[in-house]
Amino acid sequence: QVQLVESGGGLVQPGGSLRLSCAASTSIFSIYKMGWYRQAPGKQRELVATITSGGIPNYADSVKGRFTISRDNAKNTVYLQMNSLKPEDTAVYYCNAVHDLTAVRRWGQGTQVTVSS
């Protein structure tokens with residue numbers, strides 16, 4: 416069973432940057448579609464970005480041009496580089512993994528990102 420551990424969250428001023436990391440405990444990381452989701456207080460969890468096992472990214476319109484998702488299969492890690500952060504980006508960010516063949520989904524425990532002056 417895949418376990419996902421996020422890191423890199425914190426407090427940043429508007430316009431600042433953060434990089435989130437998600438390490439997966441699997442030797443077959445390369446056949447998982449990976450993603451980042453976020454949930455702000457009082458709101459539903461929403462998609463931020465995904466990256467296929469082949470490395471094709473997809474972004475929510477709200478983060479296009481500001482966030483970049485990437486993966487390092489050798490390190491079993493997916494990253495989310497977040498630039499030009501806005502207060503509305505404040506949320507708990509969750510890492511997600513979906514197995515390419517079985518579609519089994521796993522979630523990390525989440526990491527808090529707060530954008531505030």
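Residue 416 is where the sequence shown starts when you use the numbering used here, and the numbers rise one by one after that. Ideal Cβ placement from N, Cα and C applies to all residues, glycine included.
Tell me the residue span of the beta strand (DSSP E) that contains residue i.
i	result
N511	506 to 514
F444	Counting along the chain, F444 falls outside any beta strand (DSSP E), and DSSP gives it neither H nor E.
V463	461 to 466
P472	472 to 474
E421	419 to 422
L495	492 to 497
T526	526 to 530
S551	Any question about residue 551 goes unanswered here, given that the chain covers just 416 to 532.
G534	This structure gives no information on residue 534, because the portion of the chain shown stretches from 416 to 532.
Return the Cβ separation of residue i and residue j in integer angstroms, given the expectation that the two are a contact with Cβ distance under 8 Å.
i	j	result
L426	S531	7 Å
W451	L433	Actually they do not touch by this definition, with Cβ atoms about 12 Å apart.
C437	T492	6 Å
So the candidates are the options; which of them puts its Cα closest to the Cα of residue i?
i	options	result
T517	T492, G423, Y447	Y447
Y508	E461, A489, A439	E461
D515	N498, K479, F444, S499	F444
P429	C510, K501, Q459, V513	K501
T505	E421, T483, T526, G480	T526
K479	A438, M497, R453	M497
T465	V513, V528, T529, Q416	V513
Determine the burial state of residue i: buried for a count of at least 16 other Cβ atoms within 10 Å of its Cβ, exposed for fewer.
i	result
D487	exposed
E503	exposed
A489	exposed
Worksheet item: Would the region 464 to 476 and the region 518 to 526 be scored as touching if the rule is three or more Cβ pairs under 8 Å?
Response: no
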